[in-house]
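The block underneath contains the structure these notes are about, expressed in structure tokens.
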Amino acid sequence: MPTRSVFLSARWEWLVMMNYEVDPAILLLHLPPYTELDLFEGKALVSVVGFLFNSTRVLGIPWPMHTRFEEVNLRYYIKHWDGKEWKRGVGFISEIVPKPIISIMANALYNEHYSTALMRHSIKMEGDNVTVAFRWKKRRAAWNSIEVTASNHPLPIQYGTEEWFILEHYWGYNKLNDRTTIEYAVEHESWEIFPVIDYKLEADVAGLYGSSFAPFISGIKPQSVFLAKGSDVIVRKPVRITR
183 MPTRSVFLSA
193 RWEWLVMMNY
203 EVDPAILLLH
213 LPPYTELDLF
223 EGKALVSVVG
233 FLFNSTRVLG
243 IPWPMHTRFE
253 EVNLRYYIKH
263 WDGKEWKRGV
273 GFISEIVPKP
283 IISIMANALY
293 NEHYSTALMR
303 HSIKMEGDNV
313 TVAFRWKKRR
323 AAWNSIEVTA
333 SNHPLPIQYG
343 TEEWFILEHY
353 WGYNKLNDRT
363 TIEYAVEHES
373 WEIFPVIDYK
383 LEADVAGLYG
393 SSFAPFISGI
403 KPQSVFLAKG
413 SDVIVRKPVR
423 ITR
């Protein structure tokens with residue numbers, strides 16, 4: 183298949199990732215056709231992710247007031263067999279940004295799960311440590327937040343580790359209907375991670391993601407927490423998979 187042209191380019195920075203084991207059954211309800219769950223050591227994982235878009239361009243054009251913004255999402259891990267190889271990818275339960283036009287465009291073109299909220303972020307350097315926080319608020323709801331403090335000395339990830347499993351997924355998949363899945367490529371260099379010292383998630387999990395996720399995330403110690411440095415990223419135009 184020919185390489186698809188670039189739809190979006192950006193720099194993804196300061197990726198906070200809190201990872202939780204969930205019952206695979208709650209993810210099967212969201213699984214796009216022609217994909218299956220990608221498990222880590224037999225476990226189905228989801229990640230609450232907060233990060234910063236910077237230097238964003240759509241079709242090569244920087245849109246005024248839409249080049250730098252936050253995103254918080256809940257994602258899970260899937261794979262697709264294309265007849266030659268397994269493509270390791272992600273699916274999304276929820277994606278939140280502060281810019282309505284981003285939500286409208288992504289949902290229309292990629293059948294994503296974007297919504298819009300008031301959002302803030304902070305990055306604080308103190309000595310050898312860095313604290314990164316993302317906050318978001320839906321209308322008439324309380325503020326939610328995800329925050330980590332980490333050593334400001336990034337390290338490369340090692341093949342086969344949980345960090346590698348979580349970060350090294352380069353495809354996105356969304357269900358269009360019962361017979362069609364949308365696939366798109368996400369390209370970036372391998373990311374370094376900062377050793378995490380402390381973390382905090384304060385969120386209305388049931389209100390944001392549905393009551394089925396609350397028992398596995400609300401008040402639960404995450405299986406792991408990462409802070410990734412990020413890099414330049416490109417997202418290619420989507421293609422439909424149907425049979």
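Counting in the numbering used here, the sequence shown runs from 183 upward without gaps.
Heads up, the beta-carbon is just placed ideally off N, CA and C, and yes, glycines get one too.
Owing to the predicted nature of the structure, the values given are computational and were not obtained by experimental measurement.
| task | Measure the C-alpha to C-alpha separation of K261 and T217 and round it to an integer number of angstroms. | result | Counted from its first residue, the sequence shown places residue 261 at position 79. Counted from its first residue, the sequence shown places residue 217 at position 35. Rounded to whole angstroms, K261 to T217 spans 5 Å at the Cα level.
| said: In the DSSP assignment, the alpha helix (DSSP H) including E329 goes from what residue to what residue? | reply: Counting from 1 along the sequence shown, the entry for residue 329 is found at position 147. Taken as a continuous stretch (DSSP letters only), E329 belongs to no alpha helix (DSSP H), being part of the beta strand (DSSP E) at N326 to S333.
| Closest by CA to I423, which one among F398, Y292 and I208? | Residue numbering aside, residue 423 sits at position 241 when the sequence shown is read from its first letter. Among F398, Y292 and I208, the Cα nearest to that of I423 belongs to Y292.
| Option nearest A385 by Cα separation, candidates N255, S327, R361 and W353 | Within the sequence shown, residue 385 is the residue found at index 203, counting from 1. Checking every option, the nearest Cα to that of A385 belongs to S327.
| If you follow the alpha helix (DSSP H) that E344 is part of, which residue opens it and which one closes it? | Against the sequence shown, residue 344 aligns to sequence position 162. E344 to L349 is the extent of the alpha helix (DSSP H) around E344.
| request: Note down the Cα distance separating V230 from A290, rounded to an integer number of angstroms. | output: Mapped onto the sequence shown, residue 230 falls at position 48. Mapped onto the sequence shown, residue 290 falls at position 108. Rounded to whole angstroms, V230 to A290 spans 23 Å at the Cα level.
| field | Rounded C-alpha distance that separates A396 from I208 | value | Counting from 1 along the sequence shown, the entry for residue 396 is found at position 214. Counting from 1 along the sequence shown, the entry for residue 208 is found at position 26. Straight across, the Cα-Cα distance linking A396 with I208 is about 11 Å.
| Identity of the residues DSSP links to P338 by a beta bridge | The sequence position of residue 338 within the sequence shown is 156, counting from 1. For P338, the beta-bridge partners assigned by DSSP are E374.
| Local conformation of T352 per DSSP, three classes | Stepping through the sequence shown from its first residue, residue 352 is reached at position 170. It is Tyr, not Thr, that sits at residue 352 in the sequence shown. Note: Y352 maps to coil in three-state DSSP.
| query | Using the beta-carbon count (16 or more within 10 Å), is A324 buried or exposed? | reply | Taking the first residue of the sequence shown as 1, we reach residue 324 at position 142. So A324 ends up on the exposed side.
| said: Quick test of the definition: if touching needs 3 or more C-beta pairs under 8 Å, does the segment 259-275 touch the segment 339-359? | reply: Contact between the segment 259-275 and the segment 339-359 is present, because at least three Cβ pairs lie under 8 Å.
| field | DSSP state of M200 mapped onto helix, strand, coil | value | Reading the sequence shown from its first residue, position 18 is the one you call residue 200. The answer is strand: DSSP assigns M200 an E or B state.
| request: Identify, in the order they occur along the chain, each residue of the same chain with its Cβ nearer than 8 Å to the Cβ of P377, setting aside the five sequence neighbours on each side. | output: As a working mapping, residue 377 is identified with position 195 in the sequence shown. Excluding positions up to five away in sequence, the list reads A332, S333, H335 and L337.
| Distance, L210 Cα to Q405 Cα | By 1-based counting over the sequence shown, the position of residue 405 is 223. By 1-based counting over the sequence shown, the position of residue 210 is 28. When only Cα atoms are considered, Q405 and L210 end up about 21 Å apart.
| request: Excluding the 5 residues preceding and the 5 following F408 in the sequence, name in chain order all residues of the same chain whose CB lies nearer than 7 Å to its CB. | output: Within the sequence shown, numbered from 1, the residue matching residue 408 stands at position 226. Excluding positions up to five away in sequence, the list reads M199, E345, I348, I375 and V378.
| said: If contact is defined by three or more beta carbon pairs under 8 Å, each pair taking one atom from either stretch, is the segment 187-199 in contact with the segment 235-244? | reply: Between the segment 235-244 and the segment 187-199, the count of Cβ pairs shorter than 8 Å is three or higher; the stretches touch.
| request: Compare the beta carbon distance of E329 and L383 with 9 Å and say whether it is the shorter of the two. | output: Your numbering for residue 329 matches position 147 in the sequence shown. Your numbering for residue 383 matches position 201 in the sequence shown. The criterion of a C-beta distance shorter than 9 Å is satisfied by E329 and L383.
| query | Per DSSP, which one or two residues make a beta bridge with V314? | reply | In the sequence shown, the residue the question calls residue 314 occupies position 132. For V314, which the question treats as bridged, DSSP gives the partners I305 and V330.
| task | Assign F133 to one of three DSSP states: helix, strand, or coil. | result | Since the first and last residues shown for the chain are 183 and 425, residue 133 lies out of range.
| For R317, the nearest candidate out of T185, G273 and A299 (CA to CA) | Locating residue 317 in the sequence shown gives position 135, where the first residue counts as 1. Taking each of T185, G273 and A299 in turn and checking the Cα distance to R317, the smallest one comes out for A299.
| said: According to DSSP, simplified to helix, strand and coil, what is G242? | reply: In the sequence shown, counting from the first residue as 1, residue 242 sits at position 60. Correct three-state label for G242: coil.
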